[in-house]
Each structure stands twice: as structure tokens, then as C-alpha cells.
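Going by my numbering, the first residue of the sequence shown is number 14, and it counts up by one from there.
Positions of the beta carbon are idealized from the N, C-alpha and C atoms, including for glycine.
All of these numbers come straight from a predicted model, not from anything done at the bench.
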Amino acid sequence: MRSLEKRLKRLENATGIDRSGRAPHSPEWLAFWKSEYQRYLAGEHGVLLTIEGVRAAMQDIDDDAE
14 MRSLEKRLKR LENATGIDRS GRAPHSPEWL AFWKSEYQRY LAGEHGVLLT IEGVRAAMQD
74 IDDDAE
């Protein structure tokens, strides 16, 4: 499973910019992925997530809760 995760991450980072169209790990990028993650949790269909985006959103949400 770890090797699959590494391959997916490599593919996502190949272009330097993911489908958000924002610079990775910028405040705008994080806001975009937090929004997408919340849409996913709300049960919206067709939400496409990236591993890195979800990790950052989850970490930020955890940090906000503390």
C-alpha cells in the first residue's frame, strides 16, 4: 500500500501544480482543499481529492480544533 501511495503522490506532484491551480501549500491552496474535503464529508458526489490536499486539510482542521 505504501508503494501505491508513493506512486500516486509522485504523479500528483509531477506538474508542480495540482488541479486546484494554486501554488502547493499556499494559504489559497489550503483553503481550496479544506473546502473540497468538507464537500466530500458532506456527501457531495464527484469531489476529486488528492492525498496531499486531504492530509493538509485534515491537519489544519485538527490544528483549528485545538
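Nonlocal neighbours in the same chain, by C-beta distance under 7 Å from residue i, ignoring five residues either side
{"i": "LEU21", "result": "ILE64"}
Buried/exposed call for residue i, threshold 16 Cβ in 10 Å
{"i": "GLU18", "result": "exposed"}
Pairwise C-alpha distance: residue j and residue i
{"i": "ALA44", "j": "ALA70", "result": "8 Å"}
{"i": "ASP77", "j": "LYS47", "result": "12 Å"}
{"i": "GLY59", "j": "MET14", "result": "24 Å"}
{"i": "GLY34", "j": "ARG23", "result": "17 Å"}
{"i": "ARG32", "j": "GLU57", "result": "18 Å"}
Check: residue i C-beta below 7 Å from any heavy atom of the ligand SAH
{"i": "GLU49", "result": "Among the ligands in the structure shown, none appear at all, so the ligand SAH cannot be discussed."}
Same chain only: Cβ atoms within 8 Å of residue i, ignoring 5 sequence neighbours per side
{"i": "ALA36", "result": "ILE30 and TRP42"}
{"i": "TYR50", "result": "LEU62, GLY66, VAL67, ALA70, MET71 and ILE74"}
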